[in-house]
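Residue 181 in my numbering sits at position 151 of the sequence shown, with consecutive numbering throughout. Ideal Cβ placement from N, Cα and C applies to all residues, glycine included. Working notes for the structure below.
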Amino acid sequence: MARPRVRLVVTADDFGYCPRRDEGIVEAFLAGAVTSVSLLVNGAAAESAAELARRHRIPTGLHANLSEGLPVGPARHGVSSLLGPEGFFLGKMGFRKAVAAGDVILTQVREELEAQLSRFRELLGRDPTHVDGHQHVHVLPGVCQVFAEALQTCGVSFTRLPLERGVGGCAWLEAPARSFASAVERDARAAMGPFAHHGLRWTDAFVGLSTCGRHMSAHRVSGALARALEGIPMSHAPTAELMTHPGYPSVPPAGGCGEGPDAFSCSWERLHELRVLTAPALRAQLAKDGVELCALDNLDSKRPQEETPGEAILETFLEPSPP
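This is the structure:
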């Protein structure tokens, strides 16, 4: 029995980080290579990005940020467990260490998430199509519970589950990147329970940890999708998300979330992703693999008897990971 066609959402992260990033993201969307974006509401270009989203009718979600730059909630005006001494978030690894040590007050996480959701509505005039997490902070222990509760309260049901099958075996990733990706996978697996309990939904499969920046190619995207879809039931057309970071390199001091752009944003790797995504080779490979690109909204146009995205694989992914 042939597998039904795969419906793939291609999400561009960090929309609103800087104008040059946004220029590349819009270019990719207009070319049909990106189907969804995730907006950083504390990004330096958040307002102009929101205007681009409205003008081009880009399906836009919230890229919840607890790790980079300035907060938008109450923490901005006082002492908070989310911030370092200079008033900025603790950083990609600093936030993780603080969470692991029990130093992060989860009620403050909830307040910041609610403030970012409110800011999104101010910028776009509507609710986000989805909410995911900048640097995958939304799947961290404890944080994932508060995140799920906040989304359930505000009525947003779609999120990202950054659980990429086989990422620990991707030899082309440098050791630190592979270690981080494996940690994200473990956290995402543990977050499935709280997410499902609060009615959140996600695609059947996720890829992007192994194809980020310089590591992106048509061949690797195809291989990552094949690995991610192994074991997915064929009772319905599988859904998947490809996380991407296209754009033109940032030129300091423009960009960032209050501290200026980071090294990755200033590098050629963002441009590399843009070129791979918009090149004919990737489109041809996806078509050969039976993959069709679609907007996130299209995943909701399912018959009532069909399973909700994520439910078909919940039991599969909750099984113990292979040694």
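Candidates the options: closest to residue i by CA position
i           : options            : result
residue 306 : 277, 322, 271, 104 : 277
residue 281 : 269, 267, 298, 62  : 298
residue 194 : 175, 240, 209      : 240
residue 35  : 284, 275, 105, 256 : 256
residue 50  : 61, 76, 106        : 76
residue 105 : 136, 258, 165, 89  : 136
residue 147 : 87, 206, 192, 180  : 180
residue 165 : 214, 155, 89, 150  : 214
residue 328 : 80, 78, 102, 89    : 89
residue 149 : 207, 93, 203, 188  : 93
residue 182 : 56, 224, 236, 265  : 224
residue 62  : 38, 178, 284       : 38
residue 145 : 212, 323, 103      : 103
residue 155 : 84, 294, 284       : 84
residue 245 : 226, 208, 212      : 208
residue 254 : 210, 192, 296, 295 : 192
residue 251 : 319, 291, 206, 211 : 319
Residues near residue i in its chain [Cβ-Cβ closer than 6 Å; skip 5 each side]
i           : result
residue 73  : 46, 47, 287
residue 221 : 169, 174
residue 238 : 272, 273
residue 269 : 37, 233, 234, 329, 339
residue 114 : 120
residue 283 : 290
residue 292 : none
Straight-line gap, residue i to residue j (C-alpha atoms, nearest Å)
i           : j           : result
residue 198 : residue 218 : 14 Å
residue 309 : residue 116 : 43 Å
residue 64  : residue 314 : 15 Å
residue 242 : residue 303 : 8 Å
residue 172 : residue 185 : 20 Å
residue 127 : residue 170 : 11 Å
residue 325 : residue 271 : 10 Å
residue 232 : residue 158 : 14 Å
residue 229 : residue 176 : 13 Å
residue 234 : residue 152 : 31 Å
residue 265 : residue 259 : 13 Å
residue 53  : residue 40  : 17 Å
residue 187 : residue 160 : 7 Å
residue 69  : residue 201 : 31 Å
residue 321 : residue 78  : 32 Å
residue 44  : residue 204 : 23 Å
residue 355 : residue 301 : Outside the displayed span of the chain (31 to 353) sits residue 355, for which this structure offers no information.
residue 296 : residue 279 : 5 Å
residue 57  : residue 190 : 23 Å
residue 163 : residue 122 : 11 Å
residue 109 : residue 82  : 34 Å
residue 91  : residue 80  : 11 Å
residue 323 : residue 131 : 41 Å
residue 107 : residue 316 : 48 Å
residue 178 : residue 206 : 29 Å
residue 210 : residue 294 : 16 Å
residue 216 : residue 101 : 27 Å
Cβ neighbours of residue i in the same chain (closer than 7 Å, five flanking residues each side left out)
i           : result
residue 133 : 111
residue 96  : 112, 119, 125, 139, 142, 167
residue 99  : 72, 118, 119, 286, 287, 288, 289
residue 311 : 248
residue 55  : 42, 45, 64, 67, 276, 277
residue 196 : 257
Residue i in three-state terms, based on DSSP
i           : result
residue 193 : coil
residue 312 : helix
residue 386 : In the structure displayed, the chain extends from 31 to 353; residue 386 sits before or after that span and is not available.
residue 235 : strand
residue 36  : strand
residue 204 : coil
residue 230 : coil
Any non-hydrogen atom of the ligand FMN within 7 Å of residue i CB
i           : result
residue 211 : For the ligand FMN, the structure offers nothing, since it holds no ligand at all.
Cutoff 8 Å; reference residue i; Cβ partners in own chain excluding five residues on either side
i           : result
residue 387 : Summary: the structure shown does not reach residue 387, with the chain confined to residues 31 through 353, and so no result is reported for it.
residue 59  : 42, 65, 67, 86, 88
residue 212 : 197, 198
Below-8 Å beta-carbon distance, residue i vs any chain B residue
i           : result
residue 260 : Within the model displayed, chain B is absent; a lone protein chain is all it includes.
Next item on the list: Return the chain-ordered ranges of every alpha helix (DSSP H) run that is complete within the stretch 40-72 and spans a minimum of 4 residues.
Entry: You should have 49-60.
Next item on the list: Report the residue ranges of all beta strand (DSSP E) runs contained in full by the stretch 83-141; include only those spanning at least 3 residues, in chain order.
Entry: Listed in chain order, the complete beta strand (DSSP E) runs (minimum 3 residues) inside the stretch 83-141 are 90-94.
Check: Hey, which unbroken runs of the alpha helix (DSSP H) at 4 residues or more fall wholly within the stretch 241-315?
Finding: Counting only runs of 4 or more, we get 248-259, 293-296, 299-308.
Checklist line | Within the stretch 162-191, ranges of the alpha helix (DSSP H) (whole runs, at least 4 residues) | finding: For the stretch 162-191, whole alpha helix (DSSP H) runs of length 4 or above, ordered along the chain, are 173-184.
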